[in-house]
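Undergrad: So that we are looking at the same thing, I have put the structure below in structure tokens.
There are 2 protein chains.
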Amino acid sequence: MARRTYFDHNATTAARREVVEAMLPFFRERFGNASSIHLFGQENREAVDAARAHVASLVGGEPEEIIFTSGGTESDNLAIRGAARARRRASKADRIVTSAIEHPAVLKTCEDLGRDEGFRVTYVPCDRDGVVRLDELERALSPATALVTVMLANNETGVIQPIREIAALARRHGIPVHTDAVQGAGKIPVDAGDLGVDLLSIAGHKFYGPKGIGALYVRRGTPIEAISTGGSHECGLRPGTENIPGIVGLGEAARISKRELPREMEHIRALRDRLERSVLERVPDVSIAGAGALRVPNTSNMLVGRVEGEAVTLNLSMSGFAVSSGSACASGASEPSYVLLALGFDGAASQGGIRISLGFANTGEEVDAFLEIFPRVVERLRSLSPIR
Amino acid sequence: MARRTYFDHNATTAARREVVEAMLPFFRERFGNASSIHLFGQENREAVDAARAHVASLVGGEPEEIIFTSGGTESDNLAIRGAARARRRASKADRIVTSAIEHPAVLKTCEDLGRDEGFRVTYVPCDRDGVVRLDELERALSPATALVTVMLANNETGVIQPIREIAALARRHGIPVHTDAVQGAGKIPVDAGDLGVDLLSIAGHKFYGPKGIGALYVRRGTPIEAISTGGSHECGLRPGTENIPGIVGLGEAARISKRELPREMEHIRALRDRLERSVLERVPDVSIAGAGALRVPNTSNMLVGRVEGEAVTLNLSMSGFAVSSGSACASGASEPSYVLLALGFDGAASQGGIRISLGFANTGEEVDAFLEIFPRVVERLRSLSPIR
């Protein structure tokens, strides 16, 4: 088979070699249950504590503000359900303010709280560049707002949202703020203190850590309820035997990510910018979603006119290139991306969205090879298309 | 340091060598997101499907009846919350029937549904041997019962519960039945069809699989709602990027467990029975919880008079032996075990409970070494104890 090139790092990443090496001893040698009082258990507490410190450092929190979960979706569910319920119990506030471009883990959770638990949800629109509108968000806030939840970086466009400004607006009303930073961590510096948020979700596998592990930062003193019940693990907020290999792997991914971020960002941004420039030069009728906004350096969402994104994705896959149309979480569905629709693109244009998301291991040669193939794929598909 | 001996397999187990080997390629080489439509994603679907088939085979279900979760606690929460809510929505039934000796993942979930969602919970007592009383359970059932949830084997005593009989009683009323089989899978044959249950929880790390992964068997047609929201993974019942290494590891653990079970059960039972006989011969004032009942072959819960279980556990740990007082999930708390109290032991007796839980790698030599140490530890602690 031909060489394969992975340009879909917003879907998932390969764990770093050091991450897997750090995890390995905890499957068979140091396998104890961290809740056991004997040596086999206690010797693992230290490893869990160290990982917690690394994760805290990555997101600008304290170790005791980190709750380990099974991933980004669970972190989002815990943050939104847990904080909205806690606040309503204390203050009767029953409104949730979110944006129209959130990941399904946030959108569907808000919808569910609206449908099943009587919360009223406001979906703030974004502008043409995919930035959540601050003026609309501000208008949506009131003393009845239980929670604001807006993502740090959009998974489809990479557009960075004005979370610091959103948190400052919410703080005037004393409203807690959650941000889904799953697509931010490991791509840009993330500092919960600096952003001013109370809750922040991350997922290991999006920044070269293992799948099946994530974390929720919970600022000290933030009212929040557990959403599942069992043992008293993780300060009573997340029951279940600790996934020690996963926690250790997440910690190692966080440690390395923090150290390497400046170098990796620069490398990835240079590749992404060259790729975009070259595509725009070589392929007519392409526009870049969110090009006018701040974006994470690895993501490019190209709207390619007169083709279906899914057809492009499948053709590129046959040539050995992995890219995405829409997000992996919505794949299978060939509906136009709700994120691109929210940016104001029409249904036809939104179906032409190709998401390329680079990683630190990608090379200039891979970008060059892509630039050879991509225009040909688009041209062939356009020649077959009934839309001219 | 002295040789260490692990007799706490009900808390957690070391993953089998084959399990770790099966997982390894999925961290870095085959790392794709199983929801991606490109090659990197699609090549992993097959691995997930194979693992699902192995897990289904272990619990006597069909592959499409297996939902992967992050572990036993999540499986229990999904089963109980998901099925009780679905049934109440359909039929107004609002009673949950469970037992007094369930794991906290079940007990606290039922309590929570009682406190926060208006369900009425009945806790059926057990007899002196730790077997849930069928007569009391039958009396508790009515058309208003939304769900019955009783564990397959108790984590502290190893006592096997009459799930087949319980399911038959429930079926007369058309009530769905969940069993927490976390302490049964890998220790005794488990067959959801034969048991007649609709929902059945397992956790990988209790039978030599990885931590952070579990499964819920959901019989085809069982009404159940998701308890978290996001992507449409796992038939819409459990959102979040699939933990592929964990799933593959769970599958491999299930495959080997099914194959090795008869041989391993016999080996472990012989060790356990010899250990119990010898302790009863050598140490006065010891009784075995659940000795008159059917038990999983690996577990012995010894009530040692005139000592505190936690002191025995710590002393044994210093001698290199890992055992448990109470369950790992309740550790830290030096309260008497609620399970032993439910068997009718008084508070003082219940504090003397020592749980020994053996695994396939334990040897006769380890049991011999334990039998040298254990009577001395008990004697010394008794000589220091104010209770004579």
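So the protein lines, in turn, are chains A and B.
Per the numbering used here: the first sequence = residues 1 to 388.
Per the numbering used here: the second sequence = residues 1 to 388.
Heads up, the beta-carbon is just placed ideally off N, CA and C, and yes, glycines get one too.
1) Does residue 363 of chain B pass the burial test, meaning 16 or more other C-beta atoms within 10 Å, or should it be called exposed?
2) Quick one: which chain A residues come within Cβ less than 7 angstroms of residue 6 of chain B?
3) Quick check on DSSP: helix, strand or coil for residue 69 of chain B?
4) Got a sec: which bits of the segment 204-215 of chain A sit with their beta carbon under 8 angstroms from any beta carbon on chain B, in order along the chain?
5) Check the Cβ-Cβ distances between residue 93 of chain A and every residue of chain B, and say whether any is below 9 angstroms.
6) Using only CA atoms, which one of B:243, B:99, B:172 and B:131 lies nearest to residue 71 of chain B?
7) Count the other CB atoms within 10 Å of the CB of residue 235 of chain B; is the residue buried (16 or more) or exposed (fewer)?
8) Taking the straight line between their C-alpha atoms, what separation do you get for residue 24 of chain A and residue 359 of chain B?
9) Okay, do the segment 226-240 of chain B and the segment 94-105 of chain A touch, 3+ Cβ pairs below 8 angstroms being the bar?
10) Which one or two residues does DSSP pair with residue 178 of chain B in a beta bridge?
11) Using a Cβ cut-off of 7 angstroms, pull out every chain A residue sitting near residue 241 of chain B, in sequence order please.
12) Provide the residue(s) that pair with residue 122 of chain B in DSSP beta bridges, ordered along the chain.
13) Using a beta-carbon distance cut-off of less than 8 angstroms, what residues from the segment 109-136 of chain A approach chain B?
14) Under 7 angstroms between beta-carbons, which chain B residues line up against residue 312 of chain A? List them in chain order, please.
15) Is there contact between the segment 251-259 of chain B and the segment 30-44 of chain B, where contact requires at least three CB pairs shorter than 8 angstroms?
16) Check whether chain B comes within 9 angstroms of residue 15 of chain A, counting only Cβ atoms and requiring the distance to be less than that.
17) With DSSP collapsed to three states, give me the class of residue 135 of chain A.
18) Name the one or two DSSP bridge partners that residue 302 of chain B has.
19) Residue 384 of chain A: buried (16+ other C-beta within 10 angstroms of its C-beta) or exposed?
20) Would the beta-carbon of residue 180 of chain A fall within 9 angstroms of that of residue 131 of chain A?
21) Straight-line CA distance for residue 329 of chain B to residue 342 of chain A?
22) What first and last residue would you give for the alpha helix (DSSP H) that runs through residue 215 of chain A?
23) Taking the straight line between their C-alpha atoms, what separation do you get for residue 47 of chain A and residue 206 of chain B?
24) Since residue 185 of chain B sits in a beta bridge, which residues does DSSP pair it with?
25) So that I know if they touch, is there some Cβ in chain A lying closer than 9 angstroms to that of residue 229 of chain B?
26) Spell out the partners DSSP gives residue 8 of chain B in its beta bridges.
27) Assign residue 283 of chain B to one of three DSSP states: helix, strand, or coil.
28) Could you pull the start and end residues of the alpha helix (DSSP H) that residue 379 of chain B belongs to?
29) Let me confirm a value: residue 52 of chain B is counted as buried when at least 16 other C-beta atoms fall within 10 Å, else exposed. Which label applies?
30) Looking at the C-beta of residue 54 of chain B, does it have a partner C-beta in chain A at a distance below 9 angstroms?
31) Closer than 7 angstroms by C-beta to residue 163 of chain B: which residues in its own chain qualify, once you throw out the five before and the five after it? Chain order, please.
32) Going by other Cβ atoms of all chains shown within 10 Å of its Cβ, with 16 needed for buried, is residue 158 of chain A buried or exposed?
33) Closer than 9 angstroms, CB to CB, is residue 147 of chain B near chain A or not?
34) Which runs of the beta strand (DSSP E) at least 3 residues long sit entirely within the segment 210-284 of chain B? Give them in chain order.
35) Can you check whether the CB of residue 16 of chain A is closer than 9 angstroms to the CB of residue 208 of chain A?
36) Exposed or buried, what is residue 376 of chain A when buried is set at 16 or more other beta-carbons lying within 10 Å of its beta-carbon?
TA: Put simply:
1) exposed
2) 40
3) strand
4) 205, 210, 211, 212 and 213
5) no
6) B:243
7) exposed
8) 21 angstroms
9) yes
10) B:149 and B:199
11) 12, 71, 205 and 211
12) B:97
13) 109, 111 and 112
14) Here the premise fails: no neighbours, minimum Cβ distance about 11 angstroms.
15) no
16) yes
17) helix
18) B:288 and B:354
19) exposed
20) no
21) Reliability fails at residue 329 of chain B, whose pLDDT of 49 lies under 50, so the model's placement of it is uncertain and no value is given.
22) First-last for residue 215 of chain A: 214-218, but that is the beta strand (DSSP E), not the alpha helix (DSSP H).
23) 21 angstroms
24) B:188
25) yes
26) B:357
27) coil
28) 364-384
29) buried
30) no
31) 150, 152, 179, 195 and 197
32) buried
33) no
34) 214-218
35) yes
36) exposed
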